[in-house]
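To get my numbering, take the position in the sequence shown, counting from 1, and add 2. See below for the structure under consideration.
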Amino acid sequence: MKKGISTFILSIMMLMVIVGIGAQDADKYAVKAPIKIQFWHALEAQYKPLIDKVIADFEKQNPLIKVEAIYQGSYADLNEKLIAAQAAGTTLPALTVANTPYVAQYGAAGLCEVLDPYIKATGFDINDFGEGLRRASSYDGKQVSLPFLISTQIMFYNKDMAEAEKIKLPEKWSDMDEFMKKASKISGGVTQRYATVIPGWDQWYFEPFYLNAGVKIIKDNNTTDLGEPTAVAITKKLKQWCDEKTAYWAYGKDASSIMRQNFLDGKAFSVVHTTSLYEMYATNAKFKVGMHYLPGNVTRKSEIGGCVILIPAKNKQDVKNAAWKLLSYLTSKEVNMLWAKETGYMPTRNSVLQTSEAKAFLEEKPAFKAVFDNLNNINPRIQHPAYAALSKIWMQELAKVIIEGGDVDSSMKKMAQLINEALED
Numbered sequence: 003m004k005k006g007i008s009t010f011i012l013s014i015m016m017l018m019v020i021v022g023i024g025a026q027d028a029d030k031y032a033v034k035a036p037i038k039i040q041f042w043h044a045l046e047a048q049y050k051p052l053i054d055k056v057i058a059d060f061e062k063q064n065p066l067i068k069v070e071a072i073y074q075g076s077y078a079d080l081n082e083k084l085i086a087a088q089a090a091g092t093t094l095p096a097l098t099v100a101n102t103p104y105v106a107q108y109g110a111a112g113l114c115e116v117l118d119p120y121i122k123a124t125g126f127d128i129n130d131f132g133e134g135l136r137r138a139s140s141y142d143g144k145q146v147s148l149p150f151l152i153s154t155q156i157m158f159y160n161k162d163m164a165e166a167e168k169i170k171l172p173e174k175w176s177d178m179d180e181f182m183k184k185a186s187k188i189s190g191g192v193t194q195r196y197a198t199v200i201p202g203w204d205q206w207y208f209e210p211f212y213l214n215a216g217v218k219i220i221k222d223n224n225t226t227d228l229g230e231p232t233a234v235a236i237t238k239k240l241k242q243w244c245d246e247k248t249a250y251w252a253y254g255k256d257a258s259s260i261m262r263q264n265f266l267d268g269k270a271f272s273v274v275h276t277t278s279l280y281e282m283y284a285t286n287a288k289f290k291v292g293m294h295y296l297p298g299n300v301t302r303k304s305e306i307g308g309c310v311i312l313i314p315a316k317n318k319q320d321v322k323n324a325a326w327k328l329l330s331y332l333t334s335k336e337v338n339m340l341w342a343k344e345t346g347y348m349p350t351r352n353s354v355l356q357t358s359e360a361k362a363f364l365e366e367k368p369a370f371k372a373v374f375d376n377l378n379n380i381n382p383r384i385q386h387p388a389y390a391a392l393s394k395i396w397m398q399e400l401a402k403v404i405i406e407g408g409d410v411d412s413s414m415k416k417m418a419q420l421i422n423e424a425l426e427d
């Protein structure tokens, strides 16, 4: 009996020690004095009221922390400013968003604070994010960021036109030729309505066409498949549609705004864009806006887009602690649903998708069923430190051959050579 009591007491003491250690770990990341921090983001003007509300609610719950939310332009603009501040040793933000492809680059450079100790100490439920989202925000097996505003590629289309003209949306790549003819309107060699518009200003939008055909953008030996027959065939088909004027390649200054306006004016039946802009299209269109998952080939997958959120590692610990409080709040279950409702970005937490709020969200925005039905097909983006350089070459060379003309075979071979050199460097 005495032995049993002794064992029980020993167990209680060990538990108290463990709890004590956990409390000490949590205390290490606590905010103990008033502090003001900066949060850098790339959310455009239409999102400012929402950001202001979220930050105000956070400050109310965390009176020691004051947050200055600063819009830094596009993801590319923000990246340049962040890299410059990191290199120059000037003031870094306490917290910043980053477009998903930058995770590998930042992780390799040691720019990001490793979040695993914070997650463990504070009991943050990292597993509530899907595996794909966790991988997309990790580097070398470590959580260096968290999923924040997540989107994927989608085809927005004019639902009224589709119903009136009985236009069938393409499910497979092999359906695209028929779709292009049916959904476009050409009179006297002049296009009255494009079947679709493909953004050429960001490789993310046309990348699935290649990936779903089995093209390996970056192979294990650090070379690309983009000069091989399958990739060449995809490019020839894209060029064919643009040459036939059933589609156009959106590239150059104001390409995004021109594409949007053409769709809203009925000059394009559909556009390939990001799910995050659903609210913009639905609000401004004079017709019902539908969303259709991109056509498949060998596979039918899309990629994670949008941004992650991270803490720069160079900051002092008190700044990092305040940043972690804000990071935890911005990615919380409650705020995650708010982002989804107000912006068009996708819910990122599994628990959110199972709530009555998620059902209500789908009832309010039924177009998102195309996304919800394919959540398991949304993959992390390619992570490679040289991917930004690869993307730039890919976009420029594709624009040249599709818009200016030329031989696709030789152009793709030249492009692959330039990309291989970038990957080698």
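The C-beta atom is built at its ideal place from N, Cα and C for all residues, glycine as well.
Is Gln205 helix, strand or coil when you go by DSSP?
Gln205 falls in the helix class under three-state DSSP.
Answer with buried or exposed for Gln263, where buried requires no fewer than 16 other C-beta atoms within 10 angstroms of its C-beta.
exposed
At what residues does the beta strand (DSSP E) containing Gly308 begin and finish?
Gly307 to Leu312
Taking all protein chains shown into account, do 16 or more other C-beta atoms lie within 10 angstroms of the C-beta of Lys68, making it buried, or fewer, making it exposed?
exposed
For Gln263, which beta-bridge partners are listed by DSSP?
Answer is none; Gln263 lacks a bridge partner.
With DSSP as the reference, label Gly24 as helix, strand or coil.
Low confidence applies to Gly24: its pLDDT is 49, below 50, so where it sits in the model is not reliable, and the reading given next is rough at best. Shown here, Gly24 sits in a helix according to DSSP, grouped into three states.
Within 10 angstroms of the Cβ of Leu66, are there 16 or more other Cβ atoms? Answer buried if so, exposed if not.
exposed
Distance check for Ile128 and Gln63, CA to CA, integer angstroms please.
22 Å
Can you tell me whether DSSP reads Lys68 as helix, strand or coil?
strand
Where are the beta strand (DSSP E) runs, 3 residues long or more, that stay fully inside the stretch 335-403, in chain order?
Complete beta strand (DSSP E) runs here, min 3: none at all.
Can you list, in chain order, the residues of its chain whose CB lies under 6 Å from that of Asp27, leaving out five sequence neighbours each side?
Ala123
Quick check: the stretch 317-324 against the stretch 293-301, are at least 3 beta-carbon pairs closer than 8 Å?
no
Which residues bound the beta strand (DSSP E) around Gln40?
Ile37 to His43
Pull up the distance between the alpha-carbon of His43 and that of Ser153, whole angstroms please.
16 Å
Return the first residue and the last residue of the alpha helix (DSSP H) that Asn101 is part of.
Taken as a continuous stretch (DSSP letters only), Asn101 belongs to no alpha helix (DSSP H), being part of the beta strand (DSSP E) at Leu97 to Asn101.
If you draw a straight line from the alpha carbon of Gln205 to that of Tyr31, how long is it in whole angstroms?
39 Å
Keeping to the same chain, check which residues put their C-beta closer than 7 Å to that of Asn224; ignore five residues upstream and five downstream.
Leu425 and Glu426
Counting only the same chain and skipping the five closest in sequence on each side, list residues whose C-beta sits under 7 Å from that of Cys244.
Contacts found: Tyr250, Trp251 and Ile404.
Give the list of continuous alpha helix (DSSP H) stretches no shorter than 4 residues that lie fully inside the stretch 198-250.
205-213 and 231-245
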